[in-house]
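Data block below; observations after.
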Amino acid sequence: MQDIVLGLGSNRSYDGKTPQKLLAAACSELSWRVVDMKKSSLYRTKALYYTDQDDFYNMVVAGRFEGSAHDLLDFIHGIESKYGRNRAKEVRNGPRSLDIDIELFGQQVIREKNLVVPHERLLERAFVLVPLVEVLPSYAEIYEDALKKVSAQDIEVVG
510 MQDIVLGLGS NRSYDGKTPQ KLLAAACSEL SWRVVDMKKS SLYRTKALYY
560 TDQDDFYNMV VAGRFEGSAH DLLDFIHGIE SKYGRNRAKE VRNGPRSLDI
610 DIELFGQQVI REKNLVVPHE RLLERAFVLV PLVEVLPSYA EIYEDALKKV
660 SAQDIEVVG
């Protein structure tokens, strides 16, 4: 089993579910295969990169996963698809019903076309770092410098 950290986000409703309800549903689905799952609080954040869109709701899930990083990627892509994500029709970094990223997968470093771990933008995202340190306080020292760099990003606990 590998220790994992996943970043979850949503800023678009789908099938009558608000972003908050979509994140809750995704957590329920993740609990089928993520052992000893810990969930962060829910945060509201301004969009990065492509800013002409609604605020995002973000959180982090940490736990342990049996299988490879590719198995996990397939699993989370299935959850995203179930809740309205269609990568072929979306604007990169634009609005989406559900986004689940593999932030960390054990100590593995993976650099492939469709899978990069640790996540390539982990250190520039308050919406990942803040909830990550919430659920894994021992990581605070590891990410101390990165947290200082993202401290100006607008992030607010909402649940």
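According to my numbering, the residues represented by the sequence shown are 510 to 668, in order. Don't be surprised by glycine CBs; every beta carbon is placed ideally from N, CA and C. Keep in mind that this is a model prediction, so the values were computed, not measured.
Using only alpha-carbon positions, find the residue among Lys658, Ile609 and Leu645 that is nearest to Leu632.
Among Lys658, Ile609 and Leu645, the Cα nearest to that of Leu632 belongs to Lys658.
Mark Asn623 as exposed unless 16 or more other C-beta atoms lie within 10 angstroms of its C-beta, in which case mark it buried.
Answer is exposed; the Cβ neighbour count stays below 16.
Quick check: the Cα distance between Ser550 and Ala597, rounded to an integer number of angstroms?
Taking the CA atoms as reference points, Ser550 sits about 30 angstroms from Ala597.
Is Ser550 helix, strand or coil by DSSP?
DSSP places Ser550 in coil when its eight states are reduced to three.
According to DSSP, what are the bridge partners of Arg664?
With the sequence shown as reference, residue 664 is identified as Ile, and Arg is not the correct amino acid for it. The secondary-structure analysis by DSSP pairs Ile664 across a beta bridge with Thr554.
Could you pull out every residue in the same chain whose Cβ sits closer than 7 angstroms to the Cβ of Arg542, ignoring the five residues on either side in sequence?
Cβ within range, chain order: Phe574 and Phe584.
Can you give the Cα-Cα distance for Gly593 and Arg601, rounded to whole angstroms?
Roughly 15 angstroms between the two C-alpha positions.
Going straight from the alpha carbon of Gly518 to that of Met568, what length do you get?
The alpha-carbon atoms of Gly518 and Met568 are separated by roughly 7 angstroms.
What are the partner residues of Asp608, as DSSP defines its beta bridges?
The secondary-structure analysis by DSSP pairs Asp608 across a beta bridge with Gly518.
Whether Asp512 touches Gly615 by CB criterion (8 angstroms)
Yes, they are a contact pair.
Pull up the CB-CB distance for Asp608 and Leu515, whole angstroms please, since I reckon it's below 8 angstroms.
Between Leu515 and Asp608 the Cβ distance is about 10 angstroms, and since that is not below 8 angstroms, they are no contact.
Are Glu612 and His628 touching if we call contact CB-CB under 8 angstroms?
Inclusion of Glu612 and His628 in the CB contact set at 8 angstroms is warranted, their separation being smaller than that value.
Looking at the unbroken beta strand (DSSP E) that takes in Arg626, where does it start and where does it end?
The amino acid at residue 626 is misidentified as Arg; the sequence shows Val. For Val626, the enclosing beta strand (DSSP E) begins and ends at Leu624 to Val626.
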